[in-house]
Amino acid sequence: MTLFDVVLKNIKHNIQKYFIYIASLIFSVLIYFTFVSLQYNEQISAAFAREDKMGPLLTGVSVLLSLFIMVFVWYSNAFFITNRKQEIGLYSLVGGTKKEIGKMLFYENMSLGILALVIGIGLGQLFSTFFSMILLKVMGISIVVQFSIQPAAIIQTALVFLFIMSITSFQGYLITYRFKLIELFQAKQKVQQQWKPSYIFALLAIALIGFGYWSLLHAFESKSWTDHFGRNFTMILIVLIIGSYLLFHTGSGFLVHVWQKRKKSYQRWKNLLTLTQLKSRLRSNGLLLTVISVLNGVTLIAFGFAYTIYFNTLQTLEDHVPYSYQFGAQSESADIEITKILAEHEEHPVIFDETFEYLAVLGSANELDSVPGGFLYYRDSFSVLSVSTYNLLAEKLGRTQVNTLTENETIMMGRNFIGSQKKDENVGNKLSLTSPEGDIPFRVIGNKVETLFSYNVQPSALIVNDQVYERLKIGTPTHATRVIQVSNQKESDRLTDDLKAVYEWNGIETEWFEPDKDFYSFSESYQTAQSIYGLLIFVFGFMGLVFLVATGSVIYFKTLTEAAEDRQRYEILRKIGLSRRKVKALIARQTFLLFLLPLLVGIAHSSIILASLSNVMAINFLYPVSISVAVYMCLYGVYYQMTVATANKLVNL
Amino acid sequence: MIVLFVISMDGSFIARYDEDIIKDELGEYVMDIVLQATGIRKVFGTKSNLVPVLDNIDFNVQEGEIVGIMGPSGAGKTSLLNILATIDKPTSGSVRISGTEITSLSDEPLSEFRREKLGFIFQDYNLLDSLTIRENIMLPMTFSNKFDLTTDVRVTEIAGKLGIETILNRYPYETSGGQKQRTAAARAIIHNPRLVLADEPTGALDSKASMDLLSAFQLMNDEYGTTILMVTHDAFAASYCDRIVFMKDGKLFTELVKGDNDRKSFFDRLVTTLSSLGGGSYDII
Chain W
1 MTLFDVVLKN IKHNIQKYFI YIASLIFSVL IYFTFVSLQY NEQISAAFAR
51 EDKMGPLLTG VSVLLSLFIM VFVWYSNAFF ITNRKQEIGL YSLVGGTKKE
101 IGKMLFYENM SLGILALVIG IGLGQLFSTF FSMILLKVMG ISIVVQFSIQ
151 PAAIIQTALV FLFIMSITSF QGYLITYRFK LIELFQAKQK VQQQWKPSYI
201 FALLAIALIG FGYWSLLHAF ESKSWTDHFG RNFTMILIVL IIGSYLLFHT
251 GSGFLVHVWQ KRKKSYQRWK NLLTLTQLKS RLRSNGLLLT VISVLNGVTL
301 IAFGFAYTIY FNTLQTLEDH VPYSYQFGAQ SESADIEITK ILAEHEEHPV
351 IFDETFEYLA VLGSANELDS VPGGFLYYRD SFSVLSVSTY NLLAEKLGRT
401 QVNTLTENET IMMGRNFIGS QKKDENVGNK LSLTSPEGDI PFRVIGNKVE
451 TLFSYNVQPS ALIVNDQVYE RLKIGTPTHA TRVIQVSNQK ESDRLTDDLK
501 AVYEWNGIET EWFEPDKDFY SFSESYQTAQ SIYGLLIFVF GFMGLVFLVA
551 TGSVIYFKTL TEAAEDRQRY EILRKIGLSR RKVKALIARQ TFLLFLLPLL
601 VGIAHSSIIL ASLSNVMAIN FLYPVSISVA VYMCLYGVYY QMTVATANKL
651 VNL
Chain D
1 MIVLFVISMD GSFIARYDED IIKDELGEYV MDIVLQATGI RKVFGTKSNL
51 VPVLDNIDFN VQEGEIVGIM GPSGAGKTSL LNILATIDKP TSGSVRISGT
101 EITSLSDEPL SEFRREKLGF IFQDYNLLDS LTIRENIMLP MTFSNKFDLT
151 TDVRVTEIAG KLGIETILNR YPYETSGGQK QRTAAARAII HNPRLVLADE
201 PTGALDSKAS MDLLSAFQLM NDEYGTTILM VTHDAFAASY CDRIVFMKDG
251 KLFTELVKGD NDRKSFFDRL VTTLSSLGGG SYDII
């Protein structure tokens, strides 16, 4: 029998005990491997070809994932070793040197890691086609995925995990050096101290969280948030995290204390037994509970956010891509050809087909409260339309027409891609347009949060009086553009292909990109959007699952350790006459609070943050986020049930 | 200072003994002191609130003795045992076990020392659930790299003597408390240590299992000459000792030697001494 034999026997013995941990580890490997192999999959890359952001996103996410797994393994490992103090003490007493014991722990963690790695990659390979199909499905791409093996993905996954395992295994090695032998035999004698909760900290916790929420919910109107979104957001996150920690560490004890004071409910046996213990437990687990709430929160935000965007894709898109097709004016023959093709595609009847013109006029926006991004992007120019042109398009698009404007009045138009806007933005401000006869001053009398172009970057548009338009037109290049609306535009990709085949690009070769000459189709934009958001939801969904699994595993082990420490307590309770059923109810109740509190805090934090984002981004989160929270709670509930069942088996049978 | 070198017949060096362990208090040269503790002090607590747990203890154990330490709770028995067992270090004082000053050893040589010279038995057995009874007994050999074919033979032999040869292939959870503790005893002597230290070895056992274990101790003592030092609350267990040291408030209070008494009369004397000590109840069987 060698040391390594002992290690193997330990693993064999503990594998059932650590099943949840190993399963979480395997799942992490599986998801990591899936992300990586998607990057290496040629079919997927081909499908991604247009979207050069896919690769970096997957890379970024897999890096994030590996960091998370590292922290997870690190924590679990430290936790297991601390739980095995007595065993380590025994090795030490029968003559094991710290080096030898360190080596044993190193081998053990390494072997578990390699086991998880092999199984994880195996399962990942087995389900690779399945995962690719899910991804393509949510991305709205229809190709049949072939089973393929990516050696590069296997090697990368193996290397990354071996690295993580070596680091965490080395940590196990180092931990043994920190133990003093005498401590190893005193681990069990730790006495739970009763303590007095502090009013001040409880109030501080509530104040911090309250401030964080208040600030988030008012971010929408706040000047400071508009100017320093990133800085403020980081600060509020830190405030919330500190607040949650204080809440768990002292505040909750305080609440329990108040609860205990209410004699009537306190004296019910369940409450009596749960509360006393809970008070000290919440305190000692303050940090852990905070970490779990933050993880819960992050998962919910990431998934809720991705799902919301996916959910809102179509709606968002219709706001930003108002026409089925838009392209620069064509030669006469091409125009005829296009009309012919449109007529041929009977499955997509034409709703309207117009050609309109507008001017790109240089101007000055110095006096505007907020200078539109489009103005700067198109080299300090506004896209100017006449009232009659606008009214024609508004009629076709079902929008409100404008009344006549006087010579020096204008209405601004523009819509941010992300972020809400004030309805009366810049109203009452002044701007001027450059013309051969000199600068013409205008007063903004109205603002429309809409767009008239399908361009990738929306220009800032102005509606002016028809006569002024004619005056501006002298000496300014006009842009003529044809816009077409067909029905069933979402599924019009074949029509799109046919149109693109005859479309001619009539721009001049400059380094400056001329958006008005290009060809824009709703069907392509839809597909791009769907593939980006589909990828987001795929990535965040699976990452959320990894977070959930890891969180569940951490609470699971924490609960079991505490249950084992309390075994004697439960035994005494049974001896003084509590039935097994009641003891089980007690265990369930104590565990329930340990699961519920961080979940509630996580949901509260993420809801407020999402509500704040919803104000800022002007999208409705309620439905998709409710679904995400419901799904999350169900999965979380499964962990709760498993934990209670195992804890009960441990101390109550 | 006199130093004695022991040289074997063929002239090779065997051992070196320092003066203080080869002379007894009368100045006679004796070779059989396994453990010699002098002036042991152990103080716990912070600077402002020091609590002495062990106060200037001098204490010897001779080769082949079974020595018991008794005393009321809080007398410092376990603290003393921890220091003698190299688990803890004294605040001041010296502990020599078979000629080696253990209080000044660093980690690495201390581990080596434990695996060569000491065996341990605990109240709660401390067996590894993942190993069979046989493997548990072998565990110390695993660390000393002395594992070979003779180990197996020795395990079987010792297990036979201690009456656990039939359960060698079982796992600890399949055995009784008494069998577990005899397994722990077998593990404590597998590597032929100079001294076995036992902390309340019968604490978790019923009277039958206690008796079996104590007979096993006796047998280990007779057959292998094992020196045993045990802390116990149990007067019955103590009656198997050759000598009992009583502690009170961190000091050695008195000593009782079995001498030529039979166990029964030794037990009676023990109980009398215990009641004179007061301050706690004892499990008197």
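In order, the protein sequences belong to chains W and D. Quick note: the first sequence uses full-length UniProt numbering, first residue 1, plus one each step. Quick note: the second sequence uses full-length UniProt numbering, first residue 1, plus one each step. Cβ coordinates follow ideal geometry from the N, Cα and C atoms, glycine included. It should be emphasised that the depicted structure is a prediction, and the values quoted were computed from it without experimental measurement.
Query: Backbone CA spacing between W:Asn456 and W:Ala585 [nearest angstrom]; Result: 60 Å
Query: Whole-angstrom C-beta distance between D:Thr183 and D:Ile102, which should lie under 8 Å; Result: Not a contact, Cβ separation roughly 27 Å.
Query: Near-chain W residues of the region 75 to 99 of chain D - C-beta to any C-beta below 7 Å; Result: Asn82, Ile87, Asp88
Query: Listed by chain order, chain D residues near W:Asn10 by CB distance under 8 Å; Result: Leu128, Ser130
Query: Any C-beta of chain D under 8 Å from that of W:Val549; Result: no
Query: Short Cβ contact (8 Å threshold) for W:Gly243 with W:Gly212; Result: yes
Query: Where the beta strand (DSSP E) containing D:Val51 begins and where it ends; Result: 49 to 62
Query: Contact belief for residue 654 of chain W with W:Asn465 at Cβ below 8 Å, rounded distance in angstroms; Result: Examination of residue 654 of chain W is not possible in this model, given that chain W is present from 1 through 653 alone.
Query: Rounded straight-line distance, which links the Cα of W:Ser579 to that of W:Ala78; Result: 36 Å
Query: Any 3 or more C-beta pairs closer than 8 Å across the region 529 to 537 of chain W and the region 462 to 480 of chain W; Result: no
Query: Reference W:Glu470, options W:Arg574, W:Ser612, W:Val384, closest by Cα; Result: W:Val384
Query: Helix, strand or coil at D:Tyr29 according to DSSP, with G and I counted as helix; Result: Its pLDDT being 46, under 50, D:Tyr29 is placed unreliably in this model, and the value from its coordinates should be taken loosely. Reduced to three states, the DSSP call for D:Tyr29 is strand.
Query: Contact list for D:Phe120 against chain W, beta-carbon separation under 8 Å; Result: Leu93, Val94
Query: Classification of W:Val7 by the beta-carbon crowding that lies within 10 angstroms, buried from 16 upward; Result: buried
Query: Per-residue burial, W:Phe130 [other beta carbons within 10 Å of its own, 16 or more giving buried]; Result: exposed
Query: Spatial distance of D:Leu214 from D:Tyr240 (CA atoms); Result: 7 Å
Query: Interface residues of the region 138 to 149 of chain D facing chain W [CB-CB below 8 Å]; Result: Met138, Leu139, Pro140, Met141, Thr142, Phe143, Ser144, Phe147
Query: Coarse secondary structure for W:Lys12, derived from DSSP in three states; Result: helix
Query: Beta-carbon proximity list for W:Ala187, same chain, < 6 Å, skipping 5 on both sides; Result: Because the pLDDT of W:Ala187 is 46, which lies under 50, any placement of that residue in the model is unreliable, and the number read from its coordinates should be weighed accordingly. Excluding positions up to five away in sequence, the list reads Lys85.
Query: Every unbroken alpha helix (DSSP H) inside the region 228 to 272 of chain D [4 residues or more]; Result: 235 to 238
Query: CB contact flag (W:Tyr177, W:Lys98, <8 Å); Result: yes
Query: W:His479 in three-state terms, based on DSSP; Result: strand
Query: Start and end residues, alpha helix (DSSP H) containing W:Tyr358; Result: Not the alpha helix (DSSP H): W:Tyr358 falls in the beta strand (DSSP E), residues 350 to 364.
Query: DSSP bridge partner residues for W:Ser521 (one or two, in chain order); Result: W:Tyr325
Query: Cβ pair D:Leu50, D:Val61 closer than 8 Å; Result: no
Query: Residue environment, D:Ser48, which counts as buried when at least 16 other CB atoms sit within 10 Å; Result: exposed
Query: Spatially closest choice to W:Phe557 from W:Phe72, W:Ala329, W:Val29, W:Thr2, by CA coordinates; Result: W:Phe72
Query: CB contact flag (D:Arg243, D:Val67, <8 Å); Result: yes
Query: CB contact below 8 Å: W:Lys98 versus chain D; Result: yes
Query: Distance between D:Lys89 and D:Asn82 (C-alpha atoms, nearest Å); Result: 8 Å
Query: Contact list for D:Arg114 against chain W, beta-carbon separation under 8 Å; Result: Ser92, Leu93, Val94, Gly95
Query: Any chain W beta carbon closer than 8 Å to D:Ser104; Result: no
Query: Sequence-distant residues of the same chain with beta carbon closer than 6 Å to W:Ser553, five excluded per side; Result: Ile20, Tyr21, Ser24
Query: Min CB distance D:Ser111 to chain W below 8 Å; Result: yes
Query: Candidates D:Thr166, D:Phe143, D:Ser106, D:Tyr125: closest to W:Met1 by CA position; Result: D:Phe143
Query: Neighbour-count burial assignment, W:Gly96, 16 or more Cβ in a 10 Å radius; Result: buried
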